[in-house]
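J.: First, the structure itself, so that you have it in front of you.
Residue numbers (my numbering), protein chains in the order written: chain X, 1 to 116; chain L, 1 to 114.
Written as structure tokens, this is what we have:
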């Protein structure tokens, strides 16, 4: 079975300081992992994805995430937060077996607040 | 050009009514989805269609009926609306049905049932 746990429902940082959003996953097979961002009243947008290539994945807007199989983690980081990063972030796992028809499992989200 | 567009964006209606939400994608993708986001922001898949064929049908009341007239459109019809149906419904599309495919989401349709 596949699942993700986002360890923090809310994270607050000051502008210019680092961001860390934590995600642990559970997967019976080699997973594909994603981070999506949702700005207020908007749809979700893909930030980055891991699909068994390099374990350090770079995404848009300066975000990156590292796949650590030993820790079953896929934490999202950014060196310096910007006001425009304030949004809801979702960690997502997908079973890599082709037969599962692309079913995605969403975490419950982490609300990032950025203070000026 | 909006890649995945949903209408209406807001929908307020009374219990017991029937309503529809329309979705269109101009990305040329083969697969389309409906997701429900509850008041706590939890997202759950409801349906997915691949080339007009129903692929995923989660445990959703049969008051919800998706229809895909062609692979660029996936509509959601809801009969006999209940208070618990209040949520934001997102349409999405992807190139392929298998894992690793990026999903492109619409901006959501906020349904409020009074």
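Using N, Cα and C, we set each Cβ at its ideal position, and we do this for glycine too.
In chain X, which residues lie with their C-beta within 7 Å of the C-beta of residue 106(L)?
T.: Here residue 106(L) refers to the residue found at position 106 of the second chain. Result: 43.
J.: With a threshold of 6 Å on Cβ separation, who are the neighbours of residue 130(X) within its own chain once the five nearest residues in sequence on each side are excluded?
T.: This structure leaves residue 130(X) out entirely; chain X is present only between 1 and 116.
J.: Counting only beta-carbon atoms, is residue 72(L) nearer than 9 Å to chain X?
T.: Taking the first residue of the second chain as position 1, residue 72(L) is located at position 72. No, its Cβ sits nowhere closer than 9 Å to a Cβ of chain X.
J.: Can residue 81(X) and residue 37(X) be called in contact, C-beta distance under 9 Å?
T.: Taking the first residue of the first chain as 1, we reach residue 81(X) at position 81. Taking the first residue of the first chain as 1, we reach residue 37(X) at position 37. Against a cut-off of 9 Å, the Cβ pair of residue 37(X) and residue 81(X) comes out as no contact.
J.: Taking 8 Å as the cut-off, does the region 19–30 of chain L touch the region 38–45 of chain L (at least 3 CB pairs, one atom from each stretch)?
T.: No: the two stretches stay apart, fewer than three of their Cβ pairs being nearer than 8 Å.
J.: Would the beta-carbon of residue 75(L) fall within 9 Å of that of residue 61(L)?
T.: One-based indexing of the second chain puts residue 75(L) at position 75. One-based indexing of the second chain puts residue 61(L) at position 61. No, they are not a contact pair.
J.: Contact check, residue 25(X) vs residue 90(X) under 8 Å by CB: the rounded distance?
T.: Position 25 of the first chain, counted from the first residue, corresponds to residue 25(X). Position 90 of the first chain, counted from the first residue, corresponds to residue 90(X). Not a contact, Cβ separation roughly 12 Å.
J.: Using a 10 Å radius around the Cβ and a threshold of 16 neighbouring Cβ atoms, would you call residue 114(L) buried or exposed?
T.: Stepping through the second chain from its first residue, residue 114(L) is reached at position 114. Residue 114(L) should be labelled exposed.
J.: Does any CB atom of chain L fall closer than 9 Å to the CB of residue 63(X)?
T.: If you number the first chain from 1, residue 63(X) lands on position 63. Residue 63(X) does not count as touching chain L.
J.: Give the residues of chain X in contact with residue 162(L), contact being defined as C-beta atoms less than 9 Å apart.
T.: There is simply no residue 162(L) to check, as chain L begins at 1 and stops at 114 in what is shown.
J.: Check the C-beta distance from residue 58(X) over to residue 102(L) and give it rounded, since I have them as a contact under 8 Å.
T.: In the first chain, counting from the first residue as 1, residue 58(X) sits at position 58. In the second chain, counting from the first residue as 1, residue 102(L) sits at position 102. So it is not a contact: roughly 15 Å between Cβ atoms.
J.: Given that a residue counts as buried once 16 or more other Cβ atoms are within 10 Å of its Cβ, and exposed if not, what is residue 32(L)?
T.: Within the second chain, numbered from 1, the residue matching residue 32(L) stands at position 32. Residue 32(L) is buried by the Cβ-count criterion.
J.: Can you tell me the Cα-Cα spacing of residue 60(X) and residue 52(L), whole angstroms?
T.: Stepping through the first chain from its first residue, residue 60(X) is reached at position 60. Stepping through the second chain from its first residue, residue 52(L) is reached at position 52. Roughly 32 Å between the two C-alpha positions.
J.: What does residue 109(X) reach in chain L if we use C-beta pairs closer than 9 Å?
T.: Working through the first chain from its first residue, we reach residue 109(X) at position 109. In chain order: 40, 41, 42 and 43.
J.: Compare the C-beta of residue 74(X) against all C-beta atoms of chain L and say whether one is closer than 9 Å.
T.: Within the first chain, numbered from 1, the residue matching residue 74(X) stands at position 74. No, its Cβ sits nowhere closer than 9 Å to a Cβ of chain L.
J.: Identify the contact partners of residue 69(X) in chain L, using a Cβ-Cβ distance below 8 Å as the criterion.
T.: The residue given as residue 69(X) occupies position 69 in the first chain. By Cβ distance, chain L contributes nothing, its closest Cβ being about 17 Å from residue 69(X), past 8 Å.
J.: So, is residue 68(X) buried or exposed, given that buried needs 16 or more other C-beta atoms within 10 angstroms?
T.: Working through the first chain from its first residue, we reach residue 68(X) at position 68. So residue 68(X) counts as exposed.
J.: When you check each C-beta in the region 47–60 of chain X against every C-beta of chain L, which residues fall closer than 8 Å?
T.: Those would be 49 and 51, in chain order.
J.: Based on Cα-Cα distance, which residue from 79(X), 76(X), 115(X) and 70(X) lies nearest to residue 30(X)?
T.: Residue 30(X) sits at position 30 when you count from the first residue of the first chain. For residue 30(X), the nearest C-alpha among the options comes from 70(X).
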